[in-house]
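Chemist:
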Amino acid sequence: MPRLLRFLISLLLIGLIVWQLDHVTLLQRLQNAKAEWLVAAGALLTLQILISAWRWRYTAAQLGMALTATTAVREYYLAILINQVLPGGVLGDAHRAWRHSNTLTRRSPAFQAVVIERLSGQIAMILLALISLPIGSLGTTLAISLLITAALLLVFWLLRHQAQVANWLQALRIALLNPPVLLVQLTASLLAAIACVAAFACCVMAINPQAASSLADWLPLIPLVLFTMLIPITVAGWGLREGAAAALWAWATLSSADGVAAAFFYGLMALLTALPGLVVIWRRGSPV
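Numbering of the sequence shown is given in the numbering used here, commencing with residue 935 and proceeding in unit increments.
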């Protein structure tokens, strides 16, 4: 899909959402946001980046590659920034793998490490979504549908790249599916996913502190909102995230304006916390 089209889709979705909502309520939520809750969201998103960088380093080590903590954090910040500003949501990760592969004699393990550590993270988010929602709910149905779609895409990719399947399966067994390694991977990934969910919850509290009284109603919806950001048709999930929040908040008989405003601030804080990646570009002249 052309990059310009993804920008247009994000703008179109956001425009449609704003047009459908109560503009006054939405504007009030945005204007009256509590800064302290947004700072907390930024801190949690920073923690998530650091945990993810550690996870990447751990995955690389399982595949026999050395990766220092400084390098892992630096490259992860750069990747997150690229994912935030360019369409698709994976270009930063591909760039991170490519930069790491330049330091190795074989390139494929670097790409395997990035794919596996991202897969570990998505498994954790899926688990959170499934665990937090009651059986038979709309949210659970959506989560299972997305999981089936992801599985079908993986099977399709494997069928198209049969020559590489054995090599990738071996990497998966070593760096993810080995029981002791899987325990470490899921622990790190669940901590990162919980940090993201908590950051979104802080954004909800920032726009409506009274939402604490209905915490049990909207907290389980957050993993699903975040999961929609993986669909690579927009820029950094903009539009999809807000649309999912509007729909799920309305389904839970909550204010759609609250969900959209919280989703907006989550996206904004995610972008701001990725800005240290600019330092990497400035100091190293990294191509984006």
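Glycine is no exception: its CB is placed at the ideal position from the N, C-alpha and C atoms.
Cutting at 7 Å between CB atoms, please list the residues of its own chain near Arg-991, excluding the five before and the five after it.
Modeler: Taken in chain order, the residues that qualify are Leu-1001, Ala-1003 and Ala-1006.
Chemist: Considering only residues of the same chain and omitting the five flanking positions on each side of Leu-1205, which have a CB-CB separation below 6 Å?
Modeler: Contacts found: Gln-1018.
Chemist: Can you give me the start and stop residues for the alpha helix (DSSP H) that Gln-1018 sits inside?
Modeler: 1003-1019 is the extent of the alpha helix (DSSP H) around Gln-1018.
Chemist: Short of 6 Å in beta carbon distance, which residues of its chain neighbour Phe-1045, apart from the five on each side in sequence? Order them along the chain.
Modeler: So the qualifying residues of the chain are Ala-1031.
Chemist: Under 8 Å Cβ to Cβ from Gly-1055, same chain only, skipping five residues before and after it: list those, please.
Modeler: Excluding sequence neighbours, Gly-1055 sits near Ser-986, Arg-989, Ser-1123, Ala-1126 and Ala-1127.
Chemist: Specify the secondary structure class of Leu-946 as computed by DSSP and reduced to three states.
Modeler: Residue state, collapsed to three classes: helix.
Chemist: Indicate the three-state DSSP secondary structure (helix, strand or coil) for Met-1059 in the structure shown.
Modeler: Reduced to three states, the DSSP call for Met-1059 is helix.
Chemist: In angstroms, rounded to a whole number, what distance separates the CA positions of Leu-942 and Val-1169?
Modeler: Roughly 9 Å between the two C-alpha positions.
Chemist: Drop a sphere of 10 angstroms on the beta-carbon of Thr-1119, count the other beta-carbons inside from all chains shown, and report buried for 16 or more, exposed for fewer.
Modeler: According to the sequence shown, residue 1119 is Gln rather than Thr. The residue in question, Gln-1119, is buried, as its Cβ has 16 or more Cβ neighbours within 10 Å.
Chemist: Need the endpoints of the alpha helix (DSSP H) that Trp-1185 sits in, please.
Modeler: It spans 1174-1185 - the alpha helix (DSSP H) in which Trp-1185 sits, taken as one unbroken run.
Chemist: What are the boundary residues of the alpha helix (DSSP H) that includes Val-1118?
Modeler: 1113-1141 is the span of the alpha helix (DSSP H), which, as asked, contains Val-1118.
Chemist: For Val-1024, name the three-state secondary structure that DSSP assigns.
Modeler: If DSSP states are grouped into helix, strand and coil, Val-1024 belongs with coil.
Chemist: Skipping 5 residues on each side, what residues in its chain have a beta carbon closer than 7 Å to that of Ala-1197?
Modeler: Val-1159, Arg-1175, Glu-1176 and Ala-1179, listed in sequence order.
Chemist: Could you tell me whether the Cβ atoms of Asp-967 and Ile-1141 are closer together than 8 Å?
Modeler: Note that residue 967 is Ala in the sequence shown here, rather than Asp. Their beta carbons are under 8 Å apart, which means Ala-967 touches Ile-1141 by this criterion.
Chemist: Hey, Ala-1135 and Ile-1156 are a contact pair by Cβ (cut 8 Å); roughly how many whole angstroms apart?
Modeler: At roughly 6 Å, the Cβ-Cβ gap stays under 8 Å, so Ala-1135 and Ile-1156 are in contact.
Chemist: Under 8 Å between the Cβ atoms of Leu-1038 and Ala-1105?
Modeler: Their beta carbons are not under 8 Å apart, which means Leu-1038 does not touch Ala-1105 by this criterion.
Chemist: Just to confirm my understanding: we take Leu-947, look at its own chain, exclude 5 residues before and 5 after, and list those with CB closer than 6 Å. What are they?
Modeler: The residues are Gly-1173 and Gly-1177.
Chemist: How many angstroms separate the CA atom of Leu-1064 from the CA atom of Val-1131?
Modeler: If I take the Cα positions, the gap works out to 14 Å.
Chemist: Select from Ile-1167, Leu-1153 and Ser-1147 the residue whose C-alpha is nearest the C-alpha of Leu-945.
Modeler: When each option's Cα is compared against that of Leu-945, the closest is Ile-1167.
Chemist: If I follow the unbroken alpha helix (DSSP H) through Ala-967, where does it start and stop?
Modeler: Run containing Ala-967: none; DSSP gives neither H nor E here.
Chemist: Taking only the alpha-carbon atoms, compute the straight-line gap between Leu-939 and Ala-977 and give it to the nearest angstrom.
Modeler: Approximately 32 Å between the Cα atoms of the pair.
Chemist: Assign Arg-1040 to buried or exposed, taking buried as 16 or more other Cβ atoms, counted over all protein chains shown, within 10 Å of its Cβ.
Modeler: Exposed, by the Cβ-count rule.
Chemist: Could you tell me the alpha carbon to alpha carbon distance between Gln-965 and Ile-1014, rounded to whole angstroms?
Modeler: Spanning the two alpha carbons is a distance of roughly 27 Å.
Chemist: Contact check, Ala-1133 vs Arg-963 under 8 Å by CB: the rounded distance?
Modeler: Rounded, the Cβ-Cβ distance is 17 Å, inconsistent with contact.
Chemist: Taking just the CA atoms, how far does Ala-1150 sit from Val-1138?
Modeler: Their backbone Cα atoms lie some 13 Å apart in a straight line.
Chemist: Classify Ala-1100 as buried or exposed, calling it buried when 16 or more other Cβ atoms lie within 10 Å of its own Cβ.
Modeler: That one is exposed.
Chemist: Would you tell me roughly how many angstroms separate the C-alpha atoms of Leu-1209 and Tyr-1011, rounded to the nearest one?
Modeler: Rounded to whole angstroms, Leu-1209 to Tyr-1011 spans 8 Å at the Cα level.
Chemist: Give a yes or no on whether the C-beta atoms belonging to Thr-993 and Ile-1050 are separated by under 8 Å.
Modeler: Yes, these two residues count as a Cβ contact at 8 Å.
Chemist: In terms of residue numbering, what span does the alpha helix (DSSP H) encompassing Leu-1202 cover?
Modeler: That run of the alpha helix (DSSP H) goes 1190-1207.
Chemist: Contact defined as beta carbons within less than 8 Å: I believe Leu-979 pairs with Thr-1162. What is the distance between those atoms, to the nearest angstrom?
Modeler: Actually they are not in contact, since the Cβ atoms of Leu-979 and Thr-1162 sit about 18 Å apart, beyond 8 Å.
Chemist: Keeping to the same chain, check which residues put their C-beta closer than 7 Å to that of Ala-1195; ignore five residues upstream and five downstream.
Modeler: Only Leu-960, Arg-963, Leu-964 and Ile-1141 meet the Cβ criterion.
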